[in-house]
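Below is one structure, written out as structure tokens; the observations come after it.
There are 2 protein chains.
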Amino acid sequence: MMGSALSVPLVDAGHEVRLVGTHLDREIIDALGDRGFHPTLRLELAPAIRPYQLEALGEAMLGADVIGVGVSSAGVRWAAERLAPWLASGVPVVMISKGLGWDGQEVTLLPDQFAQSSGTSVQPAAIAGPCIAGELGRRVETSVVLTGRDPRMLARVAALMATSYYHPVISTDVAGVQVCAALKNAYAMGVGFGAGLHERRGGLGGSVAQHNYEAAVFAQAMVETERLVLALGGERSTVLGLAGTGDLTVTCNGGRTSRFGKWLGMGLELGEAVRRMEGATLECLDILRVLGEAIPVLEGRGLVRKSELPLLVHLIEVALEGRSVKVPFDRFFGVA
Amino acid sequence: MMGSALSVPLVDAGHEVRLVGTHLDREIIDALGDRGFHPTLRLELAPAIRPYQLEALGEAMLGADVIGVGVSSAGVRWAAERLAPWLASGVPVVMISKGLGWDGQEVTLLPDQFAQSSGTSVQPAAIAGPCIAGELGRRVETSVVLTGRDPRMLARVAALMATSYYHPVISTDVAGVQVCAALKNAYAMGVGFGAGLHERRGGLGGSVAQHNYEAAVFAQAMVETERLVLALGGERSTVLGLAGTGDLTVTCNGGRTSRFGKWLGMGLELGEAVRRMEGATLECLDILRVLGEAIPVLEGRGLVRKSELPLLVHLIEVALEGRSVKVPFDRFFGVA
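So the sequence lines, in the order shown, correspond to chains A and B. For the first sequence, my numbering begins at 4 and goes up steadily by one. For the second sequence, my numbering begins at 4 and goes up steadily by one.
Shown next as structure tokens:
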């Protein structure tokens with residue numbers, strides 16, 4: 004979805020885009036080849052976006068200026084292995100995959116996973132910030148963050164991608180951006196509880212709903228995000244900007260994660276809420292699993308304290324252990 | 004509205020509340036006296052909330068443990084003069100009024116305006132953070148910030164106010180909290196542009212709308228809020244919490260300010276957008292007027308740079324000078 008959507012500004016910026024599907028995307032690539040229509044984005048794509056099945060990867064790579072990677076976080080190692088033969092030439096790689104890994108000792112960032120799995124020293128840049136695919140495909144204006152460790156490469160790639168409606172800004176705080184990008188899925192689930200509780204109490208949508216509740220959860224989410232960003236080597240300033248407040252805002256307003264949170268807030272049993280998502284990737288569960296394992300280890304090393312993360316601890320209980328929603332407001336903002 | 008709504012947790016915390024109307028609130032006080040019904044909150048209030056007309060102020064003050072002030076920012080000086088006779092006894096004052104003043108040289112905080120106008124040394128505490136009155140009156144859970152310069156007084160007042168659904172946390176960063184509380188109205192107007200542009204282009208509500216746009220504006224709003232908080236003597240950490248991200252979130256989701264911004268985003272002429280608000284207080288215009296005068300002076304003193312505040316500068320152009328909405332994304336996040 005996101006890889007295809009990103010093709011729209013790239014074509015508008017004057018590029019040819021070769022869109023290679025994984026084995027999970029065969030039907031989308033077929034539909035694009037037959038009719039130029041993207042079935043999940045529900046959008047006609049420009050002819051300059053050329054679809055390729057996975058078997059034609061080599062053909063698609065010929066003369067590429069930039070390689071984009073849009074697989075889910077679980078597919079990053081797979082993608083790195085597949086792409087390894089084309090990385091030696093120094094062509095920049097840009098990832099739109101988001102998430103964090105856990106190797107039992109350390110939280111790992113996806114660009115590092117990619118570099119390691121590819122067996123090269125290629126460190127991909129990564130994109131984060133507010134960007135719903137369906138809106139980008141329809142040219143809704145936004146700003147995003149392009150992060151990586153080489154500012155010259157970032158500036159070059161940002162200049163290639165920018166259009167009148169797609170504004171990449173650059174940041175060398177890879178850890179901060181990636182931690183924010185991953186955490187927002189967990190926290191958006193928690194903000195979504197409010198809408199569910201409201202419906203459960205018979206409420207209708209409107210300006211008087213559970214917006215106070217949602218906003219207090221949002222603010223606590225940002226405070227906890229800052230704690231985790233600092234614990235994992237990121238910078239404080241990243242949290243206030245696009246990767247932090249911006250991406251959490253859009254995920255609460257437009258994402259499937261907040262819908263999942265709403266169902267939990269309505270009192271649906273965990274398994275039933277997952278079933279209702281009809282197989283959609285639930286990044287919030289992935290990141291909560293990672294953090295559920297990582298936090299005790301990080302706490303043992305003195306990097307974070309569970310007592311500073313009461314919202315996250317509750318989200319883990321709800322989403323992984325099936326507890327009922329009861330957000331611990333009385334422990335928010337350093338109280339108790 | 005907000006003063007009346009705050010009576011609900013106070014009564015639930017076991018207090019008697021004496022609700023004194025200004026001369027503008029006669030009908031509300033009458034309706035509460037006759038039927039116990041609050042016409043603008045559209046809510047029946049408990050009998051322990053006792054309504055008083057302004058002439059009975061002296062009677063209402065007898066034996067008060069705390070004095071709350073819920074007038075609009077324009078009424079703070081008036082309220083301070085009226086309440087002066089009862090301030091000598093050292094009874095704590097809590098303000099829910101929000102805004103900033105400008106005396107031609109300095110940005111002034113409402114608690115300081117109150118102290119000065121009362122002719123006493125009483126420095127009121129102030130409440131900020133996510134709190135839509137209609138939701139508080141219906142006991143929707145939230146956390147708020149109680150700010151002031153005396154932490155012992157804050158702790159005492161917070162303990163008096165807390166209930167199972169109303170969670171005051173305390174902060175001694177008066178400038179930071181008050182600047183955030185005032186700015187959120189201006190910036191929520193800007194976030195609201197997105198919904199208006201979406202409707203103008205024929206869009207319907209839903210998960211694919213202009214959420215990317217709104218979220219990028221939100222993030223830039225937080226970055227600019229931090230600049231202004233620091234320039235006006237507040238603390239960075241306040242911006243990420245309830246007074247900053249929390250209050251902006253709720254104001255975007257439930258407030259009249261974002262509705263006003265939506266009309267401007269739809270392309271309505273400024274005067275027409277104001278007319279459609281049917282006389283509702285537009286705090287966003289007040290704060291933009293203050294900042295429109297203050298920023299050149301603050302810039303002259305080297306405290307802020309206009310180039311760091313491109314969103315605010317555009318909001319001033321739109322709301323005070325009648326310019327069309329065209330948010331300068333290309334100058335956001337320190338670019339250019």
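The beta carbon of each residue, even a glycine, is placed where N, CA and C say it ideally should be.
For residue 216(A), the enclosing alpha helix (DSSP H) starts and ends at 214-234. Contact between residue 7(B) and residue 48(B) holds: CB atoms are separated by about 7 Å, below the 8 Å threshold. Scanning chain B for C-beta atoms nearer than 9 Å to the C-beta of residue 222(A) yields 132, 133, 146, 243, 244, 245, 246, 247, 248, 249, 250 and 252, reported in chain order. The region 162-173 of chain B and the region 128-145 of chain B touch, with no fewer than 3 CB-CB distances between them shorter than 8 Å.
Listed in chain order, the non-local C-beta contacts of residue 273(A) below 6 Å within the same chain comprise 325, local neighbours out to five positions each way being set aside. As computed with DSSP, residue 114(B) is found in no beta bridge at all. Taking a beta-carbon distance threshold of 8 Å, residue 338(A) counts as an interface residue toward chain B.
Annotation for residue 334(A): 313 place their beta carbon closer than 6 Å to its own, counting only its chain and skipping 5 residues before and after. Between the C-alpha atoms of residue 29(B) and residue 279(B) there is a straight-line separation of about 24 Å.
The beta carbon of residue 234(A) sits no closer than 8 Å to any beta carbon of chain B.
Considered as a whole, the region 225-295 of chain B harbours 239-243, 250-257, 259-268 and 273-279 as its complete alpha helix (DSSP H) runs of no fewer than 4 residues, in chain order.
Distance from the CA of residue 245(A) to the CA of residue 190(A), rounded to the nearest whole angstrom, comes to 16 Å. Interface residue (Cβ-Cβ distance to chain A less than 8 Å): residue 73(B) is not classified as such. When the beta-carbon positions are compared, residue 295(B) and residue 196(B) stay at least 8 Å from each other.
Here the C-alpha atom of residue 234(A) lies approximately 5 Å from the C-alpha atom of residue 306(A). At a cut-off of 8 Å, the C-beta of residue 92(A) has no neighbouring C-beta in chain B. With a beta-carbon spacing of about 11 Å, residue 97(B) and residue 125(B) fall beyond the 8 Å limit used to define contacts. Distance from the CA of residue 24(B) to the CA of residue 281(B), rounded to the nearest whole angstrom, comes to 21 Å. Under the Cβ criterion of 8 Å, residue 210(A) is counted among the residues facing chain B. In the three-state reduction of the DSSP assignment, residue 124(A) falls in the coil class, being assigned neither a helical nor a strand state. By the Cβ rule, the region 72-82 of chain A counts as touching the region 108-116 of chain A, because three or more pairs are nearer than 8 Å. For residue 171(A), the enclosing beta strand (DSSP E) has its first and last residue at 169-174. In the three-state reduction of the DSSP assignment, residue 146(B) falls in the strand class. Nearest to residue 194(B) by alpha-carbon distance, out of 209(B), 162(B), 150(B) and 253(B), is 253(B). DSSP places residue 4(B) in the coil class of the three-state scheme, outside both helix and strand. Residue 290(A) places its beta carbon less than 8 Å from that of residue 186(A). Taking a beta-carbon distance threshold of 8 Å, residue 307(A) does not count as an interface residue toward chain B. With contacts defined as CB atoms closer than 8 Å, residue 212(B) and residue 146(A) fail to qualify as a contacting pair. The residue from 167(B), 155(B), 229(B) and 71(B) with its alpha-carbon nearest to that of residue 308(B) is 229(B). In the DSSP assignment, residue 98(B) is bridged to 72(B) and 129(B). As computed with DSSP, residue 54(A) is found in a beta bridge with 22(A). For residue 105(A), the enclosing beta strand (DSSP E) has its first and last residue at 103-105. With fewer than 16 neighbouring CB atoms inside 10 Å of its own CB, residue 84(B) falls in the exposed class. Rounded to whole angstroms, residue 176(B) and residue 101(B) show a C-alpha spacing of 15 Å. Sequence-distant partners of residue 268(B) (beyond 5 residues in either direction) whose C-beta falls short of 6 Å from its own C-beta, in its chain, are 196, 199, 200 and 328.
When secondary structure is reduced to three states using DSSP, residue 109(A) falls in the coil class, being assigned neither helix nor strand.
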